[in-house]
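Participant: First residue of the sequence shown? That's 120 in my numbering, and the numbers climb one at a time after it.
Where a beta carbon is used, it is the ideal one built from N, C-alpha and C, also for glycine.
Sharing a structure below in structure tokens format, with a few things to ask.
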Amino acid sequence: MSDSRLRTQHTDEQEDERTDERAHQSCPECSGTLVVDDERGETVCEDCGLVVETDEIDRGPEWRAFDASEKDEKSRVGAPTTNMMHDKGLSTNIDWRDQDAYGNSLNSNQRQKMQRLRKWNERFRTRDSKERNLKQALGEIDRMASALGLPENVRETASVIYRRALDENLLPGRSIEGVSTASVYAAARQAGVPRSLDEINEVSRVEKSEIARTYRYVIRELGLEVAPADPESYVPRFASSLEMSDEAEHRARTLLQNAKEQGVHSGKSPVGLAAAAVYAAALLTNEKTTQAAVSEVADISEVTIRNRYHELLEAEQGLPMA
């Protein structure tokens, strides 16, 4: 066969392929444009609506997302990012155990190699002073939040507050521990699970006066909106620690609501009011507890409990305050 005949045959075959491709891309009924409906797995004609193909394989995810943030959360590309780690969890960790994938112990040469790899991995994860600062601070936040029994959303919020303080250069002249503690204190109050300043001070490594000073500075400079602590938010925790009944807890809330209506709560410590309400509710519902027990749980003096206790009862009875 001559070269010219081969070239002609090859050209005819290419033309046939293009014709078949155009026919596949057009509607067999009206030669209209075909579109693929990914949601239904169908190929449909735009002009006449003819369904050309059905039951196509859906190669997308098995879940649905209704906004961008939900799509990111459900992505199958590894663990989700988190603000609670200085690198947002994007780096790798080398396990501290000197074992292989089957649980067998490594020999001495392999252990030395893994130790060197851990060292260099740690150096690469914290390459500058800002990352080292962030790593130390987020470790402090996690430690204090664990000691206070705070949920994960509070730890995440505290981490975001600290990152903002670091980005806006609020740390010069202040300790890492002080700003970390202030971030935890602010985050707990924003989330509606406040802890008293004394409770925060017990788990912190800085003085109480520094915590209060740094907290005021951080919320002022970052423009954080932190509402005054509600005494009722302390009641469930105190009642749970004292093993009180639901009736007593409900009674304590009622006492505090009456006190707020009478304006008794103004200018007084919300922790003291909550502790006094819990003690008064225990007496009113005939449950056994003492001022000393409530004082220990709430970390407030018995004198404060006695003073607030009388004020709450007078407010409920509608008596004028002396």
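State the DSSP-derived secondary structure class of residue 153, mapped to helix, strand or coil.
Facilitator: Stepping through the sequence shown from its first residue, residue 153 is reached at position 34. Three-state result, residue 153: strand.
Participant: Whole-angstrom Cβ separation of residue 269 and residue 307, contact assumed at under 8 Å?
Facilitator: If you number the sequence shown from 1, residue 269 lands on position 150. If you number the sequence shown from 1, residue 307 lands on position 188. Contact holds; Cβ gap of about 6 Å.
Participant: DSSP on residue 404, reduced to helix/strand/coil?
Facilitator: Start at 1 with the first residue of the sequence shown, and residue 404 comes out as number 285. Here residue 404 sits in coil by DSSP.
Participant: CB-CB under 7 Å to residue 174, same chain, minus the five flanking residues each way: which ones, in chain order?
Facilitator: Locating residue 174 in the sequence shown gives position 55, where the first residue counts as 1. The residues are 160.
Participant: When you compare each of 336, 286 and 369 to residue 300 by their alpha carbons, which one comes out closest?
Facilitator: Reading the sequence shown from its first residue, position 181 is the one you call residue 300. Measuring from the Cα of residue 300, the nearest candidate turns out to be 336.
Participant: From the DSSP output, in three-state form, read off residue 172 for me.
Facilitator: Start at 1 with the first residue of the sequence shown, and residue 172 comes out as number 53. The answer is strand: DSSP assigns residue 172 an E or B state.
Participant: With distances taken from CA atoms, which of 417, 381 and 231 is nearest residue 431?
Facilitator: Locating residue 431 in the sequence shown gives position 312, counting from the first residue. Comparing Cα positions, the closest option is 381.
Participant: By Cβ distance below 6 Å, which residues in the same chain neighbour residue 408 in space, the five residues on each side in sequence not counted?
Facilitator: Here residue 408 corresponds to residue number 289 of the sequence shown, with the count starting at 1. Within the same chain, residue 408 has close Cβ partners 361 and 401.
Participant: Is the number of C-beta pairs between the region 407-426 and the region 333-352 that are closer than 8 Å three or more?
Facilitator: Output reads no: the region 333-352 does not touch the region 407-426.
Participant: What is the C-beta distance between residue 295 and residue 256, in whole angstroms, given that I count them as a contact (C-beta under 8 Å)?
Facilitator: Taking the first residue of the sequence shown as position 1, residue 295 is located at position 176. Taking the first residue of the sequence shown as position 1, residue 256 is located at position 137. Right, their Cβ atoms sit about 5 Å apart.
Participant: If you measure between the beta carbons of residue 310 and residue 383, is that distance less than 7 Å?
Facilitator: Here residue 310 corresponds to residue number 191 of the sequence shown, with the count starting at 1. Here residue 383 corresponds to residue number 264 of the sequence shown, with the count starting at 1. No, Cβ-Cβ distance for residue 310 and residue 383 is not below 7 Å.
Participant: Let me know the alpha helix (DSSP H) ranges lying completely inside the region 319-392, each 4 residues or longer, listed in chain order.
Facilitator: Entirely contained in the region 319-392, the alpha helix (DSSP H) runs reaching 4 residues are, in chain order, 327-341, 354-360 and 365-381.
Participant: Out of curiosity, what's the CA-to-CA distance linking residue 425 and residue 395?
Facilitator: The count along the sequence shown starts at 1 and reaches residue 425 at position 306. The count along the sequence shown starts at 1 and reaches residue 395 at position 276. Going by the C-alpha atoms only, they are around 7 Å apart.
Participant: Of the residues 352, 217 and 163, which one's Cα is nearest the Cα of residue 236?
Facilitator: The residue you call residue 236 lines up with position 117 of the sequence shown. The shortest Cα separation from residue 236 among 352, 217 and 163 belongs to 217.
Participant: Using the Cβ count rule (16 or more neighbours within 10 Å means buried), how would you classify residue 411?
Facilitator: Stepping through the sequence shown from its first residue, residue 411 is reached at position 292. Residue 411 is exposed by the Cβ-count criterion.
Participant: Using DSSP with H/G/I as helix, E/B as strand and the rest coil, what is residue 145?
Facilitator: Indexing the sequence shown from 1 puts residue 145 at position 26. Three-state result, residue 145: strand.
Participant: What does the Cβ neighbour count give for residue 422, buried or exposed, with the cut at 16 atoms within 10 Å?
Facilitator: Along the sequence shown, one-based indexing puts residue 422 at 303. Under this definition residue 422 is an exposed residue.
Participant: Between which two residues does the beta strand (DSSP E) holding residue 158 run?
Facilitator: Locating residue 158 in the sequence shown gives position 39, where the first residue counts as 1. Element bounds for residue 158: n/a, residue is neither H nor E.
Participant: Excluding sequence positions up to five away, which residues of its chain have a Cβ less than 7 Å from the Cβ of residue 325?
Facilitator: Taking the sequence shown and counting its residues from 1, one reaches residue 325 at position 206. Closer than 7 Å at Cβ, skipping near neighbours: 294, 296, 297 and 300.
Participant: I'd like the list of long-range same chain contacts for residue 142, defined as Cβ closer than 7 Å, with 5 residues on each side in sequence excluded.
Facilitator: As a position in the sequence shown, residue 142 is number 23, starting the count at 1. Bear in mind that a pLDDT of 45 at residue 142, under 50, signals an unreliable position, so the model cannot answer this.
Participant: If you check the beta carbons only, do residue 274 and residue 203 fall under 7 Å apart?
Facilitator: Translated into the one-based positions of the sequence shown, residue 274 becomes position 155. Translated into the one-based positions of the sequence shown, residue 203 becomes position 84. Yes, the pair counts as a contact, with Cβ atoms nearer than the cut-off.
Participant: Give a yes or no on whether the C-beta atoms belonging to residue 393 and residue 353 are separated by under 7 Å.
Facilitator: The residue given as residue 393 occupies position 274 in the sequence shown. The residue given as residue 353 occupies position 234 in the sequence shown. Taking 7 Å as the Cβ cut-off, residue 393 and residue 353 qualify as a contacting pair.
Participant: Give the DSSP-derived three-state secondary structure of residue 201 in the structure shown.
Facilitator: On the sequence shown, position 82 is the one that residue 201 refers to. Residue state, collapsed to three classes: coil.
Participant: If distances are taken between C-alpha atoms only, which option among 403, 215 and 242 comes closest to residue 229?
Facilitator: Here residue 229 is taken as the residue at index 110 of the sequence shown, counted from 1. Minimum Cα distance to residue 229 is reached at 215.
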